[in-house]
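Okay, so here's the structure we're looking at.
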Amino acid sequence: MSQTATLALLNRYYTAFNSGDWEGMLACLSDDVAHDINQGARQVGKDAFRTFLAHMERCYAEQLRNLVLMASADGSRGSAEFVVHGEYLATDEGLPEAKGQRYVLPAGAFFAIENGLISRVTVYYNLADWEAQVIG
Numbered sequence: 001m002s003q004t005a006t007l008a009l010l011n012r013y014y015t016a017f018n019s020g021d022w023e024g025m026l027a028c029l030s031d032d033v034a035h036d037i038n039q040g041a042r043q044v045g046k047d048a049f050r051t052f053l054a055h056m057e058r059c060y061a062e063q064l065r066n067l068v069l070m071a072s073a074d075g076s077r078g079s080a081e082f083v084v085h086g087e088y089l090a091t092d093e094g095l096p097e098a099k100g101q102r103y104v105l106p107a108g109a110f111f112a113i114e115n116g117l118i119s120r121v122t123v124y125y126n127l128a129d130w131e132a133q134v135i136g
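In the UniProt record's numbering, the protein residues as written are 1 to 136.
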């Protein structure tokens, strides 16, 4: 896959995210996608990713802004840097109580690309920063 094609794939993935188009996001993923959740365990497969998205939709409303996409010359790896603008809708297990708090959080993601699809998604953000914002 070319660098240009990888950037287009990542753009489709994030455009779908910002539109709340979970099926559009899933269409960008391989069936055996590895998803490394920030501060959490690796989940494998589209079904696990679909469950993760449903959980996120219940607990958070988020838009990603200032998106910068990057890809390796051979298109096998990609990354994204962005700022999450969100609202904490429902209490997530093990986290502070949700009361509709708003937050703005820098974040990043790394991707592996195989056969024209995302085969790994690894997301990072500063959980302590997020907690400080929602505890206020």
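We treat Cβ as the ideally placed atom computed from N, Cα and C, and that holds for glycine.
Exercise. For G78, count neighbouring Cβ atoms within 10 angstroms of its own Cβ and tell me buried if that reaches 16, exposed if not.
Key: Burial call: buried.
Quiz item: Okay, do the segment 84 to 98 and the segment 20 to 35 touch, 3+ Cβ pairs below 8 Å being the bar?
Solution: Pairwise C-beta distances place the segment 84 to 98 out of contact with the segment 20 to 35, as fewer than three of them are shorter than 8 Å.
Exercise. Compute the Euclidean distance between the alpha carbons of G100 and E87, then round it to the nearest angstrom.
Key: Computed Cα separation, rounded: 6 Å.
Self-check item: Contact with chain D by F17, beta-carbon distance below 8 Å
Solution: The chain labelled as chain D is not found in the depicted structure, where only one protein chain is given.
Quiz prompt | Member of F111, L95 and A112 whose CA lies at the smallest distance from the CA of E131 | solution = If we check each option's Cα against that of E131, L95 comes out closest.
Self-check item: C-beta contact flag for residue 140 and M1 at 8 Å
Solution: Any question about residue 140 goes unanswered here, given that the chain covers just 1 to 136.
Practice problem: Would you tell me roughly how many angstroms separate the C-alpha atoms of F82 and E97, rounded to the nearest one? | Solution: Distance between the alpha carbons of F82 and E97: 25 Å.
Exercise. Look at the alpha carbon of A71 and the alpha carbon of A16, and state the distance between them as a whole number of angstroms.
Key: Looking at the two C-alpha atoms, the distance is approximately 19 Å.
Self-check item: Contained beta strand (DSSP E) runs [length at least 3] in the UniProt domain "SnoaL-like" (11 to 120), N- to C-terminal order
Solution: The qualifying runs are 29 to 36, 42 to 44, 60 to 71, 77 to 88 and 102 to 114.
Exercise. Could you check if E114 is buried or exposed, using at least 16 other CB atoms within 10 Å of its CB as the buried criterion?
Key: Label assigned to E114: exposed.
Exercise. Express the C-alpha separation of V121 and F111 in angstroms, rounding to a whole number.
Key: Here the C-alpha atom of F111 lies approximately 5 Å from the C-alpha atom of V121.
Quiz item: Taking the alpha carbon of L7 as the point to measure from, which residue in G75, V33 and N66 has its own alpha carbon closest?
Solution: When only C-alpha atoms are compared, the closest one is G75.
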